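Notes follow once the structure below has been shown.
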Amino acid sequence: MKKVPLLALALVAFTVSGCAQGTTNAPLAVPPPDGMLRTDGCATHTSPPAMTIDGTPQPANQNDLAALAGRVQPYADAHFADVYTGLELRSETDRIRVYRKPSAAFDAWIVKEFARDCVEVVDTAHNQRELQALADRISADMAYWQAQRLPINSVGASIDGTVNVGTTEVDRARRELPQRYGTDIAIVVVFQGPIMPA
Numbered sequence: 008m009k010k011v012p013l014l015a016l017a018l019v020a021f022t023v024s025g026c027a028q029g030t031t032n033a034p035l036a037v038p039p040p041d042g043m044l045r046t047d048g049c050a051t052h053t054s055p056p057a058m059t060i061d062g063t064p065q066p067a068n069q070n071d072l073a074a075l076a077g078r079v080q081p082y083a084d085a086h087f088a089d090v091y092t093g094l095e096l097r098s099e100t101d102r103i104r105v106y107r108k109p110s111a112a113f114d115a116w117i118v119k120e121f122a123r124d125c126v127e128v129v130d131t132a133h134n135q136r137e138l139q140a141l142a143d144r145i146s147a148d149m150a151y152w153q154a155q156r157l158p159i160n161s162v163g164a165s166i167d168g169t170v171n172v173g174t175t176e177v178d179r180a181r182r183e184l185p186q187r188y189g190t191d192i193a194i195v196v197v198f199q200g201p202i203m204p205a
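Residue numbering for the sequence shown follows our numbering, starting at 8 and increasing by one per position.
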């Protein structure tokens with residue numbers, strides 16, 4: 008599974024933001040028992056054989072999945088910023104997985120426009136704009152946290168609806184970050200040392 012790097016989520020093409028929601032009259036697919044909505048194309052999509060580039064195995068479907076993600080991006084950017092969180096390429100199962108706040112209009116668009124492709128749709132609690140706003144707020148406070156001897160070495164919005172923070176003071180950060188920023192958006196703290204310039 009290839010996930011978008013946490014530190015790049017605000018910039019990569021596969022996590023987007025925009026303004027108003029769109030509408031469509033397409034019927035909704037019925038989610039399976041696991042609660043994940045899938046387009047009809049998922050019934051037949053499987054991962055093709057891997058190819059090799061300079062001796063390194065690479066998924067043969069990488070370019071096709073990137074193109075599919077590129078088809079999702081512009082419309083989600085323009086019409087579904089209130090619900091859209093991001094997406095990831097899942098090469099091993101020949102599909103993309105889209106994360107969004109529950110939205111019948113968004114789901115109807117996906118089911119109609121991508122019926123021949125395999126797109127999975129997963130619930131999240133927050134859209135990308137909300138996540139990025141919190142990530143930006145934490146980033147702006149880095150000097151404050153440094154003065155508290157709690158260095159913030161990385162911050163990034165995650166496609167799963169959380170904000171990820173890297174620090175060497177994991178236990179303190181898990182206690183003190185929610186005290187300052189609240190608990191509406193989950194802050195996932197992981198160990199990470201200082202990032203050295205290239």
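The beta-carbon is built from N, C-alpha and C at its ideal position, and this holds for glycine as well.
The model shown is predicted, which means the values in this text are computed figures rather than measured ones.
- When only Cα atoms are considered, E176 and D167 end up about 23 Å apart.
- Between A112 and F87, the gap from beta carbon to beta carbon is short of 9 Å.
- By the Cβ criterion, the stretch 94-107 is not in contact with the stretch 139-148, since fewer than three pairs of Cβ atoms, one from each stretch, lie closer than 8 Å.
- The C-beta of I202 has fewer than 16 other C-beta atoms within 10 Å across all chains shown, which makes the residue exposed.
- Around the beta carbon of D61, fewer than 16 other beta carbons sit within 10 angstroms, so the residue counts as exposed.
- From the listed residues A67, A142, P158 and I117, the smallest Cα separation to P81 is found for I117.
- Burial check for E95: the Cβ neighbour count within 10 Å reaches 16 or more, so the residue is buried.
- Inter-segment contact for the stretch 131-145 and the stretch 178-189 is present: three or more beta-carbon pairs are separated by less than 8 Å.
- Proximity to H52 across G42, D84, A74 and E99 peaks at E99, based on C-alpha coordinates.
- Here N171 is bridged, per DSSP, to G163 and V195.
- Taking the CA atoms as reference points, V196 sits about 10 Å from S161.
- Cβ-Cβ separation between T46 and C125: approximately 6 Å, consistent with a contact (criterion under 8 Å).
- For L75, the enclosing alpha helix (DSSP H) covers residues Q69 to H86.
- The beta carbon of L75 is closer than 6 Å to those of I103 and D124 in its chain, skipping five residues each way along the sequence.
- Rounded to the nearest angstrom, the gap between the Cα atoms of Y91 and K119 is 17 Å.
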